[in-house]
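According to full-length UniProt numbering, the sequence shown holds residues 1 to 253 in order.
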Amino acid sequence: MKQRYVNIIVVAIFFLIWELAARTGILDTQFIPAFSTVALRMFKMALSGELFIHIAISIERMAIGFILATIVAVPAGFILGGWVPKLASFFNPLFTNFSQVNPFTLIPLFIILFGIGEAGKVSIIFWVILWPMLFTTMAGINQIDPIFIKGARSMGATGIQIFFNVILPGSISRIFTGIKTALTVGFTMLIGTEMVGSEAGIGWIVSNSQKNYDVPKLYVGILTIAIVGALISVLADNLKSSIIVWEDNLKEE
């Protein structure tokens with residue numbers, strides 16, 4: 001809680017310095033307008049509904065890509081990490097190479113394959129989210145001590161009971177780590193794709209403002225990216241702490 005207040009104070013000081021530097025002429029307001037100018041423009045865009053429309057479009061794209069990647073990555077991670085480890089060893093070099101390819105270099109390829117519309121944007125988001133979720137799910141399964149599974153079997157537990165009482169609780173923390181990482185890289189990739197080819201979205205605000213030399217609106221887009229990105233990170237942390245309650249208890253002890 002204290003750290004949260006510290007973060008708020010630091011951000012407030014940053015905005016104050018920004019405002020004072022612009023008002024006193026330290027910053028060239030032609031390129032970096034005063035914070036109050038940007039805030040007023042943001043307020044007007046929010047009041048008209050324009051800003052929220054772009055945010056909603058971006059979140060929708062992000063959500064679709066995330067859901068699709070989760071449907072594929074988490075079950076695949078359980079299968080490769082737990083039930084068929086030999087298959088994981090076979091595919092791991094290929095998966096590693098795929099995950100290390102700079103996703104921005106793949107944007108032209110995805111546009112060719114899926115078009116410049118929504119399918120192309122969602123597919124590249126799916127791609128970048130898939131790998132961290134897959135790898136962390138597999139790592140979560142592999143970190144479980146086999147003795148716990150053997151002990152559950154010796155007590156007559158079924159496969160389903162072992163999964164829900166041993167495997168899932170033992171791997172869920174690592175899975176959520178992968179989810180947070182995936183959301184971060186997915187959001188970054190979302191902004192990139194919207195800046196390359198889009199007619200709406202948070203990234204489009206930035207690229208369109210740059211083309212029209214609308215500097216205050218450009219900074220509105222940048223601030224919106226920062227705010228939405230921070231909210232996504234906070235949401236992931238709160239979701240993790242609300243589901244994995246025993247981690248917080250262990251930290252307190």
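Every residue, glycine too, gets a C-beta built ideally from N, C-alpha and C. Only a predicted model underlies this, so the values are computations on that prediction, with no experimental measurement involved.
| Check | Outcome |
| --- | --- |
| Looking at ILE175 and THR224, is the spacing between their C-beta atoms short of 8 angstroms? | no |
| Are the segment 43-57 and the segment 197-216 touching, with three or more C-beta to C-beta distances below 8 angstroms? | yes |
| Please determine if the segment 140-148 and the segment 111-120 are in contact, where contact requires at least 3 C-beta pairs separated by less than 8 angstroms. | no |
| I need the straight-line Cα distance from VAL10 to ARG153, nearest angstrom please. | 53 angstroms |
| Taking the Cβ atom as the reference point for each residue, do GLU50 and PHE35 lie within a distance shorter than 8 angstroms? | no |
| In the DSSP assignment, find the alpha helix (DSSP H) that holds GLU194 and state where it starts and stops. | 168-196 |
| Check for me: the alpha helix (DSSP H) holding GLN210 runs from which residue to which? | 202-211 |
| Would the segment 182-201 and the segment 126-142 be scored as touching if the rule is three or more Cβ pairs under 8 angstroms? | yes |
| Comparing alpha-carbon positions, which option in VAL220, LEU235, VAL166, ASN212 lies nearest THR177? | LEU235 |
| What is the DSSP secondary structure of THR37, counted as helix, strand or coil? | helix |
| Under 8 angstroms, do ILE179 and MET133 count as touching if we go by C-beta distance? | yes |
| What's the C-alpha gap between LYS2 and SER89? | 45 angstroms |
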